[in-house]
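Structure first, then comments.
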Amino acid sequence: MHEGNGGSMPPGGGGGAGFKVNKENVLQMAKETQDTAQWLYEEVRVCEADIRMEPARLDPVSKDVAKVLNGMFADNADSYVQRGYQYVRTLEDAVAQMKAAAKDYGYTDAEITTALAGEGNPNA
Numbered sequence: 001m002h003e004g005n006g007g008s009m010p011p012g013g014g015g016g017a018g019f020k021v022n023k024e025n026v027l028q029m030a031k032e033t034q035d036t037a038q039w040l041y042e043e044v045r046v047c048e049a050d051i052r053m054e055p056a057r058l059d060p061v062s063k064d065v066a067k068v069l070n071g072m073f074a075d076n077a078d079s080y081v082q083r084g085y086q087y088v089r090t091l092e093d094a095v096a097q098m099k100a101a102a103k104d105y106g107y108t109d110a111e112i113t114t115a116l117a118g119e120g121n122p123n124a
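In UniProt numbering, the protein residues as written are 1 to 124.
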């Protein structure tokens with residue numbers, strides 16, 4: 001049984017509903033959100049392989065059950081796996097919005113790139 005990719009959730013990640021981004025925290029928030037998106041992507045990717053089911057037997061019923069469960073767990077647009085990937089895309093969209101906000105606050109492309117690469121933070 002799989003228990004994730006072995007990595008823990010990045011510090012500061014999760015539970016950010018209602019946070020406010022401003023000039024002082026925009027780069028830090030973008031970095032934390034980016035790290036969370038990357039962590040979640042790896043978790044979903046690793047779990048996707050483990051969640052799939054093979055038919056218990058070679059009979060048609062077992063094959064049908066496996067197909068239905070694989071659809072529900074991984075393949076259908078509303079499956080658990082696809083919802084995980086959709087949340088990753090939502091986080092990535094939030095990062096893009098925070099990068100745009102950082103530019104509006106006067107940060108340069110180089111400062112934004114450096115902060116998101118974890119090489120420094122002009123806010124520090």
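Glycine included, each C-beta is placed from N, C-alpha and C at the ideal position.
Exposure of residue i, with buried meaning 16 or more beta-carbon neighbours within 10 Å
i	result
K67	exposed
residue 179	The question about residue 179 has no answer, for the chain in this structure spans 1 to 124.
E48	buried
V61	exposed
D93	exposed
G104	What sits at residue 104 in the sequence shown is Asp, not Gly. Under this definition D104 is an exposed residue.
E54	exposed
Residue i in three-state terms, based on DSSP
i	result
R45	helix
M53	coil
K31	helix
T108	coil
V21	coil
A101	helix
A117	coil
Residue j beta carbon less than 9 Å from that of residue i
i	j	result
F73	R52	yes
A37	L116	no
Y107	V26	yes
Y41	V88	yes
A56	V65	yes
Cβ-Cβ separation, residue j to residue i (assumed contact under 8 Å), whole Å
i	j	result
V81	V44	6 Å
Would you mind listing the alpha helix (DSSP H) stretches within the stretch 58 to 90 that are 4+ residues and don't spill past its ends, in chain order?
60 to 70
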